[in-house]
Amino acid sequence: MTPQDFIPKREAKNIEAGEATWQSPSNIALVKYWGKKENQIPANPSISFTLNNCKTTTSLKYAKKKAESDPADFSFDFYFEGQSKEDFKPKVLKFFQRIHNYCPYLKEYKFEIHSENSFPHSSGIASSASGMSALALCVMDLEKKLYPDINEDFFNIKTSFLARLGSGSASRSIEGPLVVWGKHEKIKGSSDLFGEKYPDEIHDNFRNYQDTILLVDKGEKQVSSTVGHDLMHEHPFAEQRFKQANDNLNKLIPVLKSGDLSEFIKIIESEALSLHAMMMSSLPYFILMKPNTLEIINKIWSFRKSTDIAVGFTLDAGANVHVLYPENQKDKVLEFIKNELVAYCENGQYICDQVGEGAKKIS
Ligand code: DP6
């Protein structure tokens, strides 16, 4: 596939008005995307668990523009949790501008977008993956009405392609349970242009894998992911990091097949700490972990050592800790979290999630 393949070439049906609602989850990367080339092309491949409970629900209402409105403009209103949100509009506008070449019908409509998250707004959880993928799904819902012969494969691939242009990690939220984005020589069908469901064997140990997200710091991040990605351009360790991510994905393939949880934990924890090491060695350097992030990591390590329970962690671009463990250890790990880790969370807050199957249509 090339980007050209996503430009509609046939004649569209005439659709005057309609509405679509989709629910799309967040995801947590096991091998991280950190650094990109032009047009949202990742510097290395990444893989993530699709989540189940942390999600965005978005409705898109559309109606053909009135004759007097400017055909050169995008026309939309955006509401978040029922409130008109002017400060979200630039992000949506940028998304429409980036995808317009592939969705030329966008300027023919006036849109009303309503969006809400299942997780608390200021939880420090990245909402761009679920938010951008939900919006991309709604746009593709309209596209499917305009071109009814679009099949499910193309629908998913193009949705991921569009979501990627909104936010790289959003390309991994359409399907589940594991999605790869970025070309990797050992993973068939993997592409820099869109995320694809992981095609190889996955051991039962990873079925309903648990992710308890400990909310260490619910404040706004000091450095956005987009700025962090940019700092990889002049980064002294960039090439080595991109190689490490490729190697870690290589190592993960047999681990996903064998269910070797001790190797799994080594790979994901190394990825999390390498991601933050990149931030600490960027110029300008920055730190997104908080003292409580480190307290939690140390507690997890000593709990694992003393109990032999396969519990590990990963981090995204923030201070929150994702505690990852198999479903059959759920009771013991939750007890450990309540007894020993909740004290390090802001207002004692955490979110219980697990691996999910991807986005779904609501109406
Ligand atoms: C640390 O997808 O948020 O979560 O493409 O600029 O929107 P943009 O960045 P974004 O970056 C995610 C970074 C990460 C790692 C990951 O999800 O792979």
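Heads up: take any position in the sequence shown, counting from 1, add 44, and you land on my numbering.
Built from N, CA and C at the ideal position, the CB exists for glycine as well.
Computed from a prediction, not measured in an experiment: that's the story for all the values here.
Proximity below 8 Å, CB of residue i to CB of residue j
i	j	result
G272	A207	no
N336	V386	no
E152	K109	yes
L359	L319	yes
S314	N294	no
H247	S159	no
V223	Y253	no
L332	A363	yes
I353	K376	yes
C85	D274	The residue asked about is misnamed: residue 85 is Ile in this sequence, not Cys. Their beta carbons are not under 8 Å apart, which means I85 does not touch D274 by this criterion.
I59	K232	no
F281	A316	no
S215	P89	no
Y123	I157	yes
P148	P52	yes
A107	A61	yes
A403	L181	yes
F155	S113	no
H366	I72	yes
Buried/exposed call for residue i, threshold 16 Cβ in 10 Å
i	result
T102	buried
D244	exposed
E283	exposed
I311	buried
N200	buried
D197	exposed
T100	buried
T270	exposed
L327	exposed
R54	exposed
D131	exposed
M322	buried
M276	buried
D185	buried
A116	exposed
Q67	buried
I257	buried
E240	buried
E229	exposed
S268	exposed
S217	buried
7 Å Cβ shell around residue i - same chain, five flanking residues per side excluded
i	result
C98	P69, S70, S162, F163, I169, S174, I395, D397
E339	Y388
K81	A87
E307	V299
K343	E384, L385
F380	F347
K138	none
Q212	Note that residue 212 is Gly in the sequence shown, not Gln. Within the same chain, G212 has close Cβ partners Y77, K80, Q84, P86.
S171	T100, N161
K202	F50, M184
E278	L327
Y146	F50, I51, L206
F140	F118, L150
Own chain, CB closer than 8 Å to residue i, minus 5 neighbours either side, in chain order
i	result
E401	T94, N96, E219, G220, P221
P370	N249, F250, Y253, Q254, L305, A354
K265	G168, L332, A361, G362
A56	Y149, L190, Y191
S325	H279, P280, F281
E390	L259, V260, D261, K262
E63	S103, L104, K105, Y106, S407
K133	F120, F122
Chain-order list of residues whose beta-carbon lies under 6 Å from that of residue i (same chain, five-residue window excluded)
i	result
E125	E160
N83	none
L296	I311
I194	K188
Q393	L259
V136	F122
K349	none
Q373	I353
T65	S103, I406, S407
Closer than 7 Å: residue i CB and nearest the ligand FAD heavy atom
i	result
A87	The ligand FAD is not part of this structure, which contains only the ligand DP6.
Inter-stretch contact at 8 Å, needing at least 3 Cβ pairs: the segment 203-219 / the segment 168-184 = A contact is defined here as three or more CB-CB pairs under 8 Å, and the segment 203-219 meets this definition with respect to the segment 168-184.
What residue ranges within the segment 49-131 form continuous beta strand (DSSP E) runs of no fewer than 3 residues, ordered along the chain?
-> Counting whole runs of 3 or more residues, the segment 49-131 contains the beta strand (DSSP E) stretches 61-75, 90-108, 119-124.
With a floor of 4 residues, list each alpha helix (DSSP H) that falls wholly inside the segment 266-335, ordered by position along the chain.
-> 269-275, 282-302, 305-324
In chain order, which alpha helix (DSSP H) runs of at least 4 residues are fully inside the segment 154-202?
-> 172-190
Can you list, in chain order, the stretches of the beta strand (DSSP E) that have 3 or more residues and sit fully within the segment 325-390?
-> For the segment 325-390, the continuous beta strand (DSSP E) assignments of 3+ residues that do not extend past its boundaries occur at 356-359, 365-369, in sequence order.
Which ranges would you report for the beta strand (DSSP E) in the segment 214-264 if only whole runs of at least 3 residues count?
-> 222-225, 239-241, 254-258
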